[in-house]
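K.L.:
Please find one structure pasted underneath; my questions will follow.
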Ligand code: SF4
Ligand code: SF4
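Chains as they are written, first to last, in my numbering: chain A, 1 to 435; chain B, 1001 to 1391.
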């Protein structure tokens, strides 16, 4: 994840953290667990000195380096359907091509598959598929879906019981280390500290101009907390550096940072729902900042944990319960009415011009229902919404011309609204016709 | 009462199948004041609890091949399977207005999110996402599931305005035990004499079970078995196949017919698994919810929607069916864009291929119209199986 402009201390810090983590994973000296971003149990893995390898992040890295396309085709050739999630296929294709980590060294086979089944059905199949290849211990943590908007005690108890009777014993067995709950408490304390700074950072986008972009920039800012660093001093340090940099930007009255420097003028403020496209990430971002559009809030920056909406923090006083609440609360584990409420509140509280949905072909968890969500948010906010369609790491599904057109008409629509002085919902720009 | 002919029975089922207004269910509801209907989607809900509440469980399986989806495309992107879009169309056009509540089982993220769409769009209706455990230990997943069943019971009690007693639950469990027994008898009968019970007829019979009260459905199955046995039908030189992957969005009836016409007797399948999800009789005494819970954990069918903790057992349900039915091949037929079926498929295919069992794969949508390619594919498959067994 590099940027063209001179790197700031936080960026350098993050780069260094990622490099060290890949070096650790590929060193062959530590036990490695593969696990997923949403509902990842990083603090718990750290209690057993197990390194955390996240296949989604590998797929993203491969997407940004334009390698995922071939990997996906490779997986399709070996019998995987064109219709399914491309993260899975990029991962399987990566394996078929020697499983080379972004640091150029071969990825060791995992010692454990920790299947955190949180917010996405595909996760379950993905790790069943990986298990076929690696034949290593696999442990499942089933996180029930918070279908009524809030988790129940039954759900919480079920997760805690699985942690106690399935996950922890497996981690002990794989690592040979006995579980120490005080060690977990210590990591959770550190998580909460970093999370405080993270929420502060997210909320700065309420300022005008926003000193940060919470989607394209946001994916970098969320990196440490969503991946292998939650619970570490490194993460605390990263968010401290980031906070200082943002404070400085605020003092200087600067807008969001882009790969080509500071955004000169903030013309549009958007809330975005859905993950970004990774294969054309830079081009995609450029379509926004060239037009003066900044993303002030996004649901993708909640995919590895929601910290702002209802104030969740990891809690060292209730370690396992708080891991359960964390898992239950990730964005894609929340029901549609809650997601609508979050997005609508974002539009209002961050004084955005409207909601843009980037609907991802791969991802039913995010995408199924987004057209209804869009209309609901429009109704609640009176602001226009727009809908574009791309994919995560399959370059075949990113049509730059199409996306650019949609965005341009959306910006025009916002201009028209402003000129008319009205704020009623306009006809959304959709491309949802079944071919 | 005069015995019914196969044709009469099949015509009756066909009428139920084609009726997207669910007239029979409406009539059932109107027959007595205060009656309620609870819709459910694939793959499994414990219908026993709905039945014990005095309500009619109504299986909703999308709009089928003939329904023109008018509104649904404004709700779903082109890369999402068809069943949610036709189901929402049914709801928007008022065809489900008489349904008092909906249960959306935990089968995939599309059905899961449909819960939310219902919550947003039909606020006055009872809606429940019915979660089942992916941990199958009694003291972990079992405890969670028993609670979920308890919550469902309490919800339905509130909706019914009365308590559901254990005795009522046990009676309903017995009713469904009997229904499953008749369902299994029909499946066994078809497997033993597939020329007497063509797949499309069995399909229609099972579809009738989505709408009729279980007692009526059991009687219908019994009548069919008697009628089919009395009829003389020619034995064809067909091969025997199991169809799998069609546990949610249903294939068009023409697809089932085409496969059989092309020379494949379908001797087992996973259409409407709810009819036979529980593999053993559920005890009818003791704590009914605990019994339903144990049945789910330890004696239920396998689909892509369920986690298989033991890799060695992956695919064993299908392999067991192939053996039990003496099948010579497998047709993997999955709905387009169906993540569960399509992600599971390579793992099951591998196991089938390792055993040298011939197979083909195909994709469909509930409204697929073109049957010529299916006929050709299935015909070639049947020929190759015959060659295979001759060699
Ligand atoms: S379906 Fe969505 S949430 Fe699930 S693995 Fe794919 S991209 Fe991630
Ligand atoms: S057809 Fe497949 S993807 Fe579609 S709703 Fe059913 S299980 Fe889900």
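We put the beta carbon where it would ideally sit given N, CA and C, even for glycine.
Give me the residue from A:36, A:100, A:135 and A:198 with the minimum Cα distance to residue 306 of chain A.
P.N.:
Residue 306 of chain A has its Cα closest to that of A:198, out of A:36, A:100, A:135 and A:198.
K.L.:
In the structure shown, what three-state DSSP assignment does residue 1287 of chain B receive?
P.N.:
Of the three classes helix, strand and coil, the one that applies to residue 1287 of chain B here is coil, per DSSP.
K.L.:
Using the DSSP secondary-structure output, state which residues sit across from residue 1128 of chain B in a beta bridge.
P.N.:
B:1103.
K.L.:
Can you have a look at residue 283 of chain A and say buried or exposed, based on whether 16 or more other CB atoms are within 10 angstroms of its CB?
P.N.:
Residue 283 of chain A is exposed by the Cβ-count criterion.
K.L.:
Is residue 1337 of chain B near ligand 1, going by C-beta to nearest heavy atom under 7 Å?
P.N.:
No, Cβ of residue 1337 of chain B sits at least 7 Å from all heavy atoms of ligand 1.
K.L.:
Report whether the distance from the Cβ of residue 270 of chain A to the nearest heavy atom of ligand 1 is below 7 Å.
P.N.:
For ligand 1, not one heavy atom lies less than 7 Å from the Cβ of residue 270 of chain A.
K.L.:
Closer than 8 Å, Cβ to Cβ, to anything on chain B: give me those residues from the stretch 75-96 of chain A, in chain order.
P.N.:
The stretch 75-96 of chain A vs chain B, Cβ under 8 Å: 78, 79, 80, 81, 83, 84, 85 and 88.
K.L.:
CB of residue 364 of chain A to nearest heavy atom of ligand 1: below 7 Å?
P.N.:
The answer is yes for residue 364 of chain A.
K.L.:
Under 8 Å by Cβ, that's how I've got residue 390 of chain A and residue 377 of chain A pegged, so tell me the actual separation to the nearest angstrom.
P.N.:
Contact flag wrong, Cβ pair sits at about 20 Å.
K.L.:
Less than 8 Å between the C-beta atoms of residue 1260 of chain B and residue 1199 of chain B, yes or no?
P.N.:
Their beta carbons are under 8 Å apart, which means residue 1260 of chain B touches residue 1199 of chain B by this criterion.
K.L.:
Under 8 Å between beta-carbons, which chain A residues line up against residue 1108 of chain B? List them in chain order, please.
P.N.:
Going along chain A in sequence order, the residues near residue 1108 of chain B (Cβ under 8 Å) are 121 and 364.
K.L.:
If you measure beta-carbon to beta-carbon, which residues of the stretch 1250-1282 of chain B are closer than 9 Å to chain A?
P.N.:
Result list empty, no residue passes.
K.L.:
When burial is assigned at 16 or more other CB atoms within 10 Å of the CB, is residue 1192 of chain B buried or exposed?
P.N.:
That one is exposed.
K.L.:
In chain B, which residues lie with their C-beta within 8 Å of the C-beta of residue 340 of chain A?
P.N.:
Within 8 Å Cβ-Cβ: 1120.
K.L.:
Any contact of the stretch 1069-1084 of chain B with the stretch 1046-1056 of chain B, i.e. 3+ C-beta pairs under 8 Å?
P.N.:
No, they do not touch.
K.L.:
Using a Cβ cut-off of 8 Å (strictly closer), state whether residue 1309 of chain B contacts chain A.
P.N.:
Chain A contact via Cβ: present.
K.L.:
I need the boundaries of the alpha helix (DSSP H) containing residue 1219 of chain B, first residue and last residue.
P.N.:
That run of the alpha helix (DSSP H) goes 1214-1230.
K.L.:
Does any residue of chain A bring its CB to less than 8 Å from the CB of residue 1336 of chain B?
P.N.:
Judged by the 8 Å Cβ criterion, residue 1336 of chain B is in contact with chain A.
K.L.:
First and last residue of the beta strand (DSSP E) that includes residue 168 of chain A?
P.N.:
Careful: residue 168 of chain A lies outside any beta strand (DSSP E), inside the alpha helix (DSSP H) at 168-175.
K.L.:
If we ignore side chains and look at the alpha-carbon of each, how far apart do residue 418 of chain A and residue 264 of chain A end up?
P.N.:
Their backbone Cα atoms lie some 21 Å apart in a straight line.
K.L.:
So residue 1360 of chain B and residue 1377 of chain B are in contact, right, with Cβ under 8 Å, and what is the actual spacing, rounded?
P.N.:
About 6 Å separates the two Cβ atoms, so the contact holds.
K.L.:
Mind pulling the chain A residues with CB within less than 7 Å of residue 1303 of chain B?
P.N.:
Correct list: empty, because the minimum Cβ distance to chain A is about 12 Å.
K.L.:
Kindly provide the ranges of any beta strand (DSSP E) runs that are 3 or more residues long and lie completely inside the stretch 18-62 of chain A, ordered along the chain.
P.N.:
31-34 and 50-53, all fully within the stretch 18-62 of chain A.
K.L.:
On the criterion of 16 or more Cβ atoms from any shown chain inside 10 Å, does residue 303 of chain A qualify as buried, or is it exposed?
P.N.:
Classification for residue 303 of chain A: buried.
K.L.:
Go ahead and pull the three-state DSSP assignment for residue 1063 of chain B.
P.N.:
Residue 1063 of chain B falls in the coil class under three-state DSSP.
K.L.:
By the three-class DSSP mapping on this structure, what secondary structure does residue 1140 of chain B have?
P.N.:
Note: residue 1140 of chain B maps to helix in three-state DSSP.
K.L.:
On the premise that residue 1109 of chain B lies in contact with residue 121 of chain A, defined as a C-beta separation below 8 Å, what is that separation, rounded to the nearest angstrom?
P.N.:
Residue 121 of chain A to residue 1109 of chain B, Cβ: 5 Å. Contact.
K.L.:
Using a C-beta cutoff of 8 Å, does residue 428 of chain A count as contacting chain B?
P.N.:
Its pLDDT being 39, under 50, residue 428 of chain A is placed unreliably by the model, and the measurement read from it follows with that caveat. No, because no Cβ of chain B sits closer than 8 Å to the Cβ of residue 428 of chain A.
K.L.:
Rank B:1252, B:1364 and B:1189 by C-alpha distance to the C-alpha of residue 1324 of chain B and give the top, closest one.
P.N.:
Checking every option, the nearest Cα to that of residue 1324 of chain B belongs to B:1189.
K.L.:
Across which residues does DSSP place residue 1056 of chain B in a beta bridge pair?
P.N.:
Answer is B:1037.
K.L.:
Let me confirm a value: residue 1288 of chain B is counted as buried when at least 16 other C-beta atoms fall within 10 Å, else exposed. Which label applies?
P.N.:
Looking at its Cβ environment, which holds 16 or more other Cβ atoms inside 10 Å, residue 1288 of chain B is buried.
K.L.:
At the level of alpha carbons, what is the spacing between residue 1232 of chain B and residue 1006 of chain B?
P.N.:
Residue 1232 of chain B and residue 1006 of chain B: Cα-Cα distance of roughly 11 Å.
K.L.:
Anything in chain A within Cβ reach of residue 1134 of chain B, meaning under 8 Å, just list it in chain order.
P.N.:
Within chain A, the residues near residue 1134 of chain B are 117, 124, 140 and 142.
K.L.:
Which bits of chain A does residue 1113 of chain B rub up against, with CB to CB less than 7 Å?
P.N.:
Those are 336, 368 and 369, listed as they occur along chain A.
K.L.:
When Cβ atoms are compared, which residues of the stretch 1039-1054 of chain B fall closer than 7 Å to chain A?
P.N.:
Under the 7 Å Cβ criterion, the stretch 1039-1054 of chain B contributes no residue.
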